[in-house]
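Accompanying notes for the structure given below.
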Amino acid sequence: MRRSLPLGLLATIAILTVALVPGAAQEDHAVTIQSMDVRENLYVISGGGGHTAALITEDHGVVIVDTKLAGWGQSIIDTMALITEEPITTIINTHTHGDHVGGNADFPVAVEIIAHENTAARMEETEAITGQAHAQADRTYADRLTLFEGRDQIDLYHFGAGHTDGDTIVVFPALRTIHMGDLFAFLGPPYIDVNNGGSGVAYPDTLEAIVAAFDDVERVIPGHIPPPPGSPIYGSSACRPSCSGWSGWQEVVNYAQFNRDFLDSVRASHTAGRSVTEAIAALDLWSRYPAYGQNRADANVEAIYDELDR
Ligand SMILES: [Zn+2]
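Start counting the sequence shown at 5; every next residue gets the next number (this note's numbering).
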């Protein structure tokens with residue numbers, strides 16, 4: 005029997021900012037916990053790095069997706085302790101960046117850490133946790149890994165390079181919810197971490213493979229995008245119809261198309277012999293994607309040129 009707060013109380017803390025003050029050094033480690041769906045015990049904890057997802061399973065304790073910056077793991081532990089007595093059993097790291105794995109070190113040694121095999125190798129060199137054996141991956145996979153069954157089922161997928169070469173998306177099939185990690189982190193050109201195997205040429209392929217693989221995802225947890233204005237909850241029934249689509253599945257579909265359009269434009273410029281500067285000027289995407297920022301457009305054109313020249 006799961007021990008957790010009564011549903012009514014959970015509903016009242018659908019959004020709850022937790023300012024935890026265990027010591028002076030951590031007094032600004034405030035996080036916000038939001039229910040994805042109070043009936044299903046899936047939460048998003050924001051602040052201190054990438055979005056953390058927390059699923060309170062029926063039979064396997066609490067599963068955490070990403071652990072924020074170094075020093076923020078305890079905030080996750082303390083926040084979950086407010087709403088369940090179930091122990092945290094499992095961490096899934098979506099990729100190697102320090103704002104997603106840094107908190108690993110704060111969790112008990114018994115917690116199993118799971119990551120894609122490329123990410124596991126890169127985590128050993130990730131500054132936030134390097135040399136900390138208990139913060140490293142205990143279990144890896146190559147293409148797909150399924151944890152648990154029934155309502156507890158969690159599917160991990162790797163569809164190829166993009167943000168890094170070890171990106172995992174995490175699907176909660178019974179909840180029709182997906183955590184995209186930093187493959188879908190911001191609205192605009194993505195951060196392509198070429199030093200960690202990221203690829204601007206593969207990026208649209210990877211997103212299109214994700215779009216093609218699922219047809220019933222309702223809710224999306226992006227790596228960093230804040231919830232829609234006026235709603236604490238990503239694409240849930242609580243904000244329909246006004247914000248359906250925002251950070252919902254259609255937003256991922258649009259994002260795949262944006263990255264395809266971006267690559268097509270850069271590739272055409274490359275083929276035409278344009279300089280990087282000319283290729284940047286030739287990008288004609290922004291009227292079609294008015295909500296998208298243009299940060300990193302220049303850097304991504306350069307990164308894609310480098311890849312095409314190789
Ligand atoms: Zn990242």
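Virtual Cβ for every residue (Gly too), placed ideally from N, Cα, C.
Looking at ligand 1, does it come within less than 7 Å of D70, judged from the CB to the closest heavy atom? no
Determine the direct distance from the alpha carbon of I229 to that of D159, and round the result to whole angstroms. 22 Å
Do the CB positions of G166 and T210 come within less than 8 Å of each other? yes
DSSP on V305, reduced to helix/strand/coil? helix
Quickly, what does DSSP pair A120 with across the bridge? List them, please. The sequence given here places His at residue 120; Ala does not occur at that position. Y145, per the DSSP bridge assignment.
By DSSP's criteria, D159 is part of a beta bridge. Which residues make up the other side? T150 and V175
Round the Cβ separation of D150 and N200 to the nearest angstrom and send it over; I've been treating them as touching at under 8 Å. First, the residue type needs correcting, since residue 150 is Thr and not Asp in the sequence shown. Actually they do not touch by this definition, with Cβ atoms about 26 Å apart.
Could you pull the start and end residues of the beta strand (DSSP E) that R223 belongs to? R223 to I225
Quick check: G106 and A74, are their CB atoms within less than 8 Å of each other? yes
Straight-line gap, S279 to V205 (C-alpha atoms, nearest Å): 18 Å
Can you find at least 3 beta carbon pairs, one from the stretch 92-102 and one from the stretch 115-130, that sit closer than 8 Å? yes
Quick one: residues in its chain with C-beta nearer than 7 Å to the C-beta of G164, no 5 flanking neighbours on either side, listed in chain order? A206, D209, T210 and A213
Assuming the contact rule is C-beta atoms closer than 8 Å, T172 and I225 should be a hit. Round their C-beta distance to whole Å, please. That belief does not hold up - the Cβ atoms of T172 and I225 are roughly 13 Å apart, past 8 Å.
CA-to-CA distance, L191 to A276, given in whole angstroms: 28 Å
Is D169 near ligand 1, with its Cβ less than 7 Å from a heavy atom? no
Can you give me the Cβ contacts of V305 inside the same chain, cut-off strictly under 7 Å, excluding the 5 residues immediately before and after it? V270, V280, A283 and I284
Going by the beta-carbon positions, is the gap between G54 and H104 smaller than 8 Å? yes
Anticipated Cβ contact below 8 Å, T71 with I95, distance rounded: 6 Å
Rounded to whole angstroms, how far is the Cβ of H64 from the Cβ of F152, which I believe are closer than 8 Å? 5 Å
What do you get for N299, buried or exposed, if any count of 16 or more other CB atoms within 10 angstroms of its CB means buried? exposed
Assuming Y296 contacts F262 under a Cβ cut-off of 8 Å, what Cβ separation, rounded to an integer in Å, is found between them? 7 Å
Looking only at C-alpha atoms, which of A303, W290 and L46 sits nearest to D156? L46
May I have the straight-line CA-CA distance separating V174 from S291, to the nearest angstrom? 32 Å
Specify the secondary structure class of S203 as computed by DSSP and reduced to three states. coil
Can the beta-carbon of T36 be found less than 8 Å from the beta-carbon of V66? no
In DSSP terms, what L59 is bridged to: L46 and V67
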